[in-house]
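Below is one structure, written out as structure tokens, with a few remarks after it.
Protein chains: 2
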Amino acid sequence: MPTSDVKVIFFDVFGTVVDWRSSLLRLLAEYGAKQGIEADWPGFLTAWKAGYRPAMDAVISGARPYFNLDEMYLERMNQVIGDFGLDGLSEAQKQEVLHLWLKIDPWPDAVEGLTRLASKYTLVTLSNGSFAWLTAIAKHGKLPFDAVLTAENAQVYKPHPRCYLTAIELMGMKATPENCMLTACHNYDLDAARSHGMKTAFLPRKEYGPDQEADQAPESDWEVVARDLIGVAEAMGC
Amino acid sequence: MPTSDVKVIFFDVFGTVVDWRSSLLRLLAEYGAKQGIEADWPGFLTAWKAGYRPAMDAVISGARPYFNLDEMYLERMNQVIGDFGLDGLSEAQKQEVLHLWLKIDPWPDAVEGLTRLASKYTLVTLSNGSFAWLTAIAKHGKLPFDAVLTAENAQVYKPHPRCYLTAIELMGMKATPENCMLTACHNYDLDAARSHGMKTAFLPRKEYGPDQEADQAPESDWEVVARDLIGVAEAMGC
Numbered sequence: 001m002p003t004s005d006v007k008v009i010f011f012d013v014f015g016t017v018v019d020w021r022s023s024l025l026r027l028l029a030e031y032g033a034k035q036g037i038e039a040d041w042p043g044f045l046t047a048w049k050a051g052y053r054p055a056m057d058a059v060i061s062g063a064r065p066y067f068n069l070d071e072m073y074l075e076r077m078n079q080v081i082g083d084f085g086l087d088g089l090s091e092a093q094k095q096e097v098l099h100l101w102l103k104i105d106p107w108p109d110a111v112e113g114l115t116r117l118a119s120k121y122t123l124v125t126l127s128n129g130s131f132a133w134l135t136a137i138a139k140h141g142k143l144p145f146d147a148v149l150t151a152e153n154a155q156v157y158k159p160h161p162r163c164y165l166t167a168i169e170l171m172g173m174k175a176t177p178e179n180c181m182l183t184a185c186h187n188y189d190l191d192a193a194r195s196h197g198m199k200t201a202f203l204p205r206k207e208y209g210p211d212q213e214a215d216q217a218p219e220s221d222w223e224v225v226a227r228d229l230i231g232v233a234e235a236m237g238c
Numbered sequence: 001m002p003t004s005d006v007k008v009i010f011f012d013v014f015g016t017v018v019d020w021r022s023s024l025l026r027l028l029a030e031y032g033a034k035q036g037i038e039a040d041w042p043g044f045l046t047a048w049k050a051g052y053r054p055a056m057d058a059v060i061s062g063a064r065p066y067f068n069l070d071e072m073y074l075e076r077m078n079q080v081i082g083d084f085g086l087d088g089l090s091e092a093q094k095q096e097v098l099h100l101w102l103k104i105d106p107w108p109d110a111v112e113g114l115t116r117l118a119s120k121y122t123l124v125t126l127s128n129g130s131f132a133w134l135t136a137i138a139k140h141g142k143l144p145f146d147a148v149l150t151a152e153n154a155q156v157y158k159p160h161p162r163c164y165l166t167a168i169e170l171m172g173m174k175a176t177p178e179n180c181m182l183t184a185c186h187n188y189d190l191d192a193a194r195s196h197g198m199k200t201a202f203l204p205r206k207e208y209g210p211d212q213e214a215d216q217a218p219e220s221d222w223e224v225v226a227r228d229l230i231g232v233a234e235a236m237g238c
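Chain order of the listed sequences is A and B.
Each residue of the first sequence is one higher than the last, beginning at 1 in the working numbering.
Each residue of the second sequence is one higher than the last, beginning at 1 in the working numbering.
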């Protein structure tokens with residue numbers, strides 16, 4: 001079995017384990033209602049999130065020194081709030097909106113899938129989020145990770161090689177990267193993981209909503225292809 | 001209350017949370033019996049562990065580049081096995097002996113104390129052990145840490161400032177270190193933590209056995225002084 005050497009399973013988190021978009025659509029609407037602020041919150045979320053990839057790429061290319069995802073989302077918020085009539089938000093309100101990211105919920109299959117996998121494997125995050133945010137999101141969602149690792153530990157974002165290599169080395173697997181597997185809903189992430197000797201598990205998610213077309217199918221012969229995290233657990237004998 | 005700002009509690013682990021000595025005395029005796037190897041295992045353990053502080057200090061002073069605790073204990077084993085008639089151990093047996101460290105058990109109060117604290121605070125290790133070992137020890141002991149951080153994340157050992165500052169920064173508390181507390185059974189560790197703005201909690205342990213005299217009382221006015229980890233939980237309102 002191609003995954004029989006696996007001891008440590010890393011997980012992409014945003015999209016793969018947590019449903020950030022549905023959670024934030026709800027949390028932003030609730031926040032707006034509570035504060036009496038009317039706005040196109042779904043449009044704001046789309047514009048806010050659209051800052052993600054360009055910022056990651058600027059760090060990966062070396063155009064900008066590493067800055068973490070919390071800082072990125074605050075910077076991006078300030079860039080786009082004017083377009084949504086939200087430039088009256090106070091600094092305290094901006095912090096409250098920013099920290100809604102810490103209350104995003106797991107997909108319905110995540111806790112069961114991870115709990116089953118944790119009985120046999122060591123489970124570790126490998127996210128582009130900040131270390132503090134990932135710790136908070138795992139605690140909020142009662143996700144049974146054994147440890148948290150993120151881009152912040154490598155001071156660069158996925159898919160830069162250092163992200164994967166730092167995680168493999170911190171888990172003591174430098175000489176045997178085949179003891180590690182990455183689980184993700186993004187083909188590019190698995191492609192990078194495999195290039196460093198890791199095993200790979202793919203599952204499709206509609207993280208951008210029901211119309212999402214990207215990453216709905218495996219684009220390579222990943223060792224595991226499953227419907228969700230319970231499916232990954234089943235494929236891994238848990 | 002001097003600890004009312006605390007949000008994140010860091011924990012020293014060897015001695016403070018896990019009873020490494022009693023565990024290893026038992027594990028080494030069991031290993032010897034199973035392998036048919038007679039030796040002064042308690043004497044070996046004392047000599048083995050005695051390599052710890054000199055190795056840490058060599059890294060802190062810059063005399064040696066960082067190497068993790070797994071590597072240190074393997075190196076030290078090779079230095080002392082001859083004194084105990086254990087130089088016939090094969091490389092595989094040395095690895096088995098080394099990995100007995102991953103099976104050390106928590107003190108009897110640890111799981112209850114940490115579980116109560118986890119209901120209100122974010123709990124993070126801050127150990128001189130390697131990242132992989134601490135992840136394994138936490139999983140073995142079912143210790144409800146929310147994240148693992150160790151000297152390996154800072155590439156230097158406690159009490160070097162970078163250990164504490166890296167942990168504070170990764171938890172997003174650079175501007176407010178008073179939101180962090182260190183819990184430890186070693187006064188020197190708390191002294192360093194306080195110098196970087198962290199709150200402090202002390203508890204005495206007999207990690208070196210019933211005759212231990214060091215660190216049986218607080219040597220400063222630590223914010224919390226408790227009998228064990230359940231006592232820390234009580235003092236923190238959990």
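Just so it is clear, CB atoms sit at the ideal spot from N, CA and C, and this is done for glycine as well.
**Message:** Would A:Ser130 pass as an interface residue toward chain B - the criterion being a Cβ-Cβ separation below 8 Å?
**Reply:** yes
**Message:** Would you call the stretch 112-125 of chain B in contact with the stretch 45-53 of chain B, where contact means no fewer than 3 C-beta pairs closer than 8 Å?
**Reply:** no
**Prompt:** Out of curiosity, what's the CA-to-CA distance linking A:Thr176 and B:Lys199?
**Reply:** 40 Å
**Prompt:** Which residues in the same chain have their Cβ closer than 6 Å to the Cβ of B:Val225, if we skip the five residues on either side of it in sequence?
**Reply:** Residues of the same chain with a CB within less than 6 Å of the CB of B:Val225, apart from the 5 flanking positions on each side, are Phe202, Pro218 in chain order.
**Prompt:** Curious, which full-length beta strand (DSSP E) runs of at least 3 residues does the stretch 146-179 of chain B contain?
**Reply:** none
**Asked** How about the stretch 68-79 of chain B and the stretch 128-135 of chain B: do they share at least three Cβ pairs that are nearer than 8 Å?
**Response** yes
**Message:** With distance defined between alpha-carbon atoms, name the residue in A:Glu207, A:Lys94, A:Cys163, A:Ala214 nearest to A:Asn187.
**Reply:** A:Ala214
**Request:** Under 9 Å between beta-carbons, which chain A residues line up against B:Met171? List them in chain order, please.
**Result:** What B:Met171 touches in chain A: Phe131, Ala132, Thr135.
**Asked** What in chain D is Cβ-close to A:Lys139, meaning under 7 Å?
**Response** No chain D appears in the structure shown, which is made up of the protein chains A and B.
**Cut-off 6 Å between Cβ atoms - residues of its own chain near B:Arg205, not counting five sequence neighbours on either side** = Gly15, Cys185
**Three-state class that DSSP yields for B:Val17 in the structure shown** = coil
**Asked** From the beta carbon of B:Glu152, is the nearest beta carbon of chain A less than 8 Å away?
**Response** yes
**Request:** Look at the Cβ atom of A:Phe10, then the Cβ atom of A:Ala167, and state whether they are nearer than 8 Å.
**Result:** yes
**Prompt:** Helix, strand or coil for B:Thr46 per DSSP?
**Reply:** helix
**Message:** With a threshold of 7 Å (Cβ to nearest heavy atom), would A:Thr150 be considered close to the ligand SAH?
**Reply:** Inclusion of the ligand SAH in the displayed structure is not the case, the ligand content being empty and no account of it being possible.
**Request:** Please name the residue in A:Arg162, A:Leu170, A:Gly209 whose C-alpha comes closest to that of A:Leu24.
**Result:** A check of alpha carbon separations from A:Leu24 across A:Arg162, A:Leu170, A:Gly209 identifies A:Gly209 as the nearest.
**Prompt:** In terms of residue numbering, what span does the alpha helix (DSSP H) encompassing A:Lys94 cover?
**Reply:** Annotation: the continuous alpha helix (DSSP H) that includes A:Lys94 extends over 91-98.
**Request:** Have a look at B:Ser127, B:Leu165, B:Glu178, B:Thr122 and flag the residue whose alpha-carbon is nearest the alpha-carbon of B:Phe145.
**Result:** B:Thr122
**Asked** Which bits of chain A does B:Leu70 rub up against, with CB to CB less than 8 Å?
**Response** For the sequence presented, residue 70 of chain B should be read as Asp rather than Leu. Near B:Asp70 (Cβ distances below 8 Å), the residues of chain A are Gly172.
**Message:** Just verifying my parser: in three-state terms, what is the DSSP assignment at B:Ile9?
**Reply:** The answer is strand: DSSP assigns B:Ile9 an E or B state.
**Request:** Give the straight-line distance between the Cα atoms of B:Ile230 and B:Pro2, rounded to the nearest whole angstrom.
**Result:** 19 Å
**Request:** Starting from the Cα of A:Val80, find the closest Cα among A:Gly43, A:Gly32, A:Asp105 and give me that residue.
**Result:** A:Gly43
**Request:** Rounded to whole angstroms, what's the CA-CA distance from B:Arg26 to B:Val97? Just pull it up for me.
**Result:** Cα to Cα, the separation comes out at about 12 Å.
**Prompt:** What does A:Val225 pair with, by DSSP beta-bridge criteria?
**Reply:** Checking the DSSP bridge columns, you'll see A:Val225 partnered with A:Phe202.
**Message:** In this structure, how does DSSP classify A:Ala184 when only helix, strand and coil are distinguished?
**Reply:** strand
**Request:** May I have the straight-line CA-CA distance separating B:Asn128 from A:Tyr157, to the nearest angstrom?
**Result:** 27 Å
**Item:** Continuous alpha helix (DSSP H) stretch holding B:Thr135: start and end
**Value:** 131-140
**Message:** For B:His99, tell me which candidate among B:Met77, B:Lys120, B:Glu112, B:Asp87 has the shortest Cα-Cα distance.
**Reply:** B:Met77
**Message:** Here's a check: name, in chain order, each residue in its chain whose Cβ is nearer than 7 Å to the Cβ of B:Lys142, leaving out the five neighbours to either side.
**Reply:** Val111
**Asked** Just the Cα atoms here: how many angstroms apart are B:Leu28 and B:His160?
**Response** 32 Å
**Message:** Looking only at its chain, what residues have a beta carbon closer than 8 Å to the beta carbon of B:Asn153, apart from the 5 residues adjacent to it on each side?
**Reply:** Phe131, Thr166, Ala167, Leu170
**Request:** Give the DSSP bridge partners of A:Ser127, in chain order.
**Result:** A:Thr150
**Prompt:** DSSP three-state call for A:Pro106: helix, strand or coil?
**Reply:** strand
**Rounded C-alpha distance that separates A:Glu178 from B:Asp191** = 42 Å
**Classification of A:Gly172 by the beta-carbon crowding that lies within 10 angstroms, buried from 16 upward** = buried
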